[in-house]
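Below is one structure, written out as structure tokens; comments come after it.
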Ligand SMILES: Cc1cc2nc3c(=O)[nH]c(=O)nc-3n(C[C@H](O)[C@H](O)[C@H](O)COP(=O)(O)O)c2cc1C
Ligand code: SF4
Ligand code: SF4
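Numbering (this note's numbering), first residue to last: 42 to 490.
What follows is the structure in structure tokens.
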């Protein structure tokens, strides 16, 4: 059986499944329960000068029957006294010496950073995570994402931390920035041992249409919160990928965070270069027990592929993430419908007709309208296969013979790209487009009445 244990920037853990710094890591009780359930590490709810929180605190996006597809919070760092947290860190480490306990920290001055680092290391923390991400409350006080958005300040604080830290330092980045590589590089230049991302995205999940206040409501008002959960995973994955490919940050270990719920999510983060993952929202939704599915699934995946350790497949997807200009313009796929699976819902027809390239027709068979692909019009965009509610009913099939390979970069180098507005090299030339007047239904006048 595959070995799931990891050594992440010097922090050892029995597996890569860590709890992110958040309500599930608010206390020693919760972390002990999580380790008992199978989690390999936990980043303690951020420690600092304790705060006072508001009530209520959370909002969510429920999408088409799925609850908490996106999750929003206006909670701050821990509101518990430091001494209580330190005592509990010590106790957890006594019971679980081989599990990773990481202290997440957020304070202001250099002296405060030095003091809290010593306190946490004395309590037995295996590593430190610097929270430069909170996009509400703490940033108004010059901490959290206020630091994450200022690479120079971030670098200075990492340097302060490294002056005294004897355990590995993980710098947790805010995604509320247009170019994630900038704070990532600043952390690495400042001497961080690892990076973790993402923290939450600045957000408003909705407005109460009676009170006109944003959710979550606090006495008739609200504030922007931090967005997380399954909805953010694609954006987080790309940020992780950017850091894993950047010349300055790529050799620094990355702990991936954002929307992780299943073993597949875990594998995707590892394939894009992560050495550990952290989970918050899905644990808040379903509890610590979800780690069992993650562990079984990861084991199965590794056994199926013949991987013995996490390192064997870490970053394996990175060579396949290219810039658009380096993709093969000669690759050609078209949609194919499996008539035996089709239930005749016509979603594909509507999507292609109104939202794509008018490449699906409807034929009459035994009084039923049956969709068929007009292959000459199909550009292979995937839309119909994405909207089709029947799994594997519409598949994309390859039509090029694989002998030709030309990229935009190569065409540019050969002066073979459109350069004027009406250029004969435009990709859409020769592609079928119906006459505009064909859009009008029978009998309708020009103005639509
Ligand atoms: C209610 C709540 C409180 C959080 N508190 C913290 C915190 O104290 N420190 C921190 O670094 N991140 C905090 N986070 C962010 C999470 O650690 C994590 O980065 C984010 O939720 C993305 O992961 P997810 O999609 O699995 O939830 C919090 C998130 C939530 C939902
Ligand atoms: S792949 Fe795109 S263009 Fe082709 S049939 Fe489907 S929706 Fe239409
Ligand atoms: S969307 Fe799928 S099931 Fe519905 S008509 Fe098209 S092919 Fe058939």
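Even glycine gets a Cβ: it sits at the ideal position worked out from N, Cα and C.
Sequence ranges, beta strand (DSSP E) only - wholly within the region 240-325, length at least 3: 242-244, 266-269, 295-298 and 315-320
Can you tell me whether residue 109 is buried or exposed? The criterion is at least 16 other CB atoms within 10 Å of its CB, across all chains shown. buried
Determine the contact status of residue 173 and residue 215, defining contact as a CB-CB distance below 7 Å. yes
Check whether the Cβ atoms of residue 237 and residue 203 lie closer than 7 Å to each other. no
Using the rule of at least 16 other Cβ atoms within 10 Å of the residue's Cβ for burial, across every protein chain shown, is residue 306 buried or exposed? buried
Please report how far the alpha carbon of residue 126 lies from the alpha carbon of residue 254, in whole angstroms. 35 Å
Run the proximity test for residue 375: is its beta-carbon closer than 6 Å to any non-hydrogen atom belonging to ligand 4? You won't find ligand 4 in this model; what it holds is ligand 1, ligand 2 and ligand 3.
In chain order, what residues of the same chain lie with their CB nearer than 8 Å to the CB of residue 59, ignoring the 5 residues before and after it? 80, 81, 82, 83, 84, 141, 143, 296, 317, 318, 319 and 320
Please indicate yes or no: does the CB of residue 64 lie closer than 6 Å to some heavy atom of ligand 1? yes
Leaving out five residues before and five after residue 423 in sequence, what residues of the same chain have Cβ atoms less than 7 Å from its Cβ? 437
Going by alpha carbons, who is nearest to residue 233 out of 445, 73 and 224? 224
Residue 489 to residue 462 span [Cα, whole Å]: Below a pLDDT of 50, predicted positions are generally treated as unreliable, and residue 489, at 44, falls in that range; no measurement from the model is reported.
Could you give the residue range of the alpha helix (DSSP H) that holds residue 412? That residue, residue 412, is in no alpha helix (DSSP H); its beta strand (DSSP E) goes 409-414.
Within 6 Å: the Cβ of residue 239 and any heavy atom of ligand 3? no
With C-beta atoms as the reference, is residue 338 less than 7 Å away from residue 304? yes
Taking contact to mean 3 or more Cβ pairs, one atom from each stretch, closer than 8 Å, check whether the region 182-191 and the region 63-76 are in contact. no
Along the chain, where does the beta strand (DSSP E) that runs through residue 49 open and close? 47-49
Any idea if residue 119 is buried or exposed, counting beta-carbon neighbours within 10 angstroms, 16 or more meaning buried? buried
Evaluate the contact criterion for the region 379-394 versus the region 407-425: three or more CB pairs, one atom per stretch, below 8 Å. yes
Among all the DSSP beta bridges, which residues are the ones paired with residue 378? 435
Rounded C-alpha distance that separates residue 407 from residue 384: 14 Å
Helix, strand or coil at residue 73 [DSSP, three-state]: helix
Coarse secondary structure for residue 191, derived from DSSP in three states: coil
Report the three-state DSSP secondary structure of residue 489 (helix, strand or coil). Any reading at residue 489 must be qualified, since the residue scores a pLDDT of 44, below 50, and its modelled position is unreliable; no value is offered.
Span separating the alpha-carbon of residue 400 from that of residue 431: 19 Å
Return the CA-CA distance between residue 228 and residue 287, expressed in angstroms with no decimal places. 13 Å
Hey, quick one: how far does the beta strand (DSSP E) through residue 462 stretch, first residue to last? Careful: residue 462 lies outside any beta strand (DSSP E) and carries neither H nor E.
Would DSSP call residue 445 helix, strand or coil? coil
For residue 48, which residues from the same chain have a beta carbon less than 7 Å from its beta carbon, with the 5 sequence-adjacent residues on both sides left out? none
Classify residue 181 as helix, strand or coil using the three-state DSSP reduction. helix
Over the uninterrupted alpha helix (DSSP H) stretch that includes residue 427, give me the two end residues. 424-428
Cβ neighbours of residue 446 in the same chain (closer than 8 Å, five flanking residues each side left out): 369 and 371
Do you know how far the Cα of residue 185 is from the Cα of residue 149? 10 Å
Taking 6 Å as the line, does the beta carbon of residue 414 fall inside it for any heavy atom of ligand 3? no
Measure the C-alpha to C-alpha separation of residue 466 and residue 357 and round it to an integer number of angstroms. 36 Å
Entirely enclosed beta strand (DSSP E) segments - the region 65-136, minimum 3 residues: 82-88, 99-104 and 107-114
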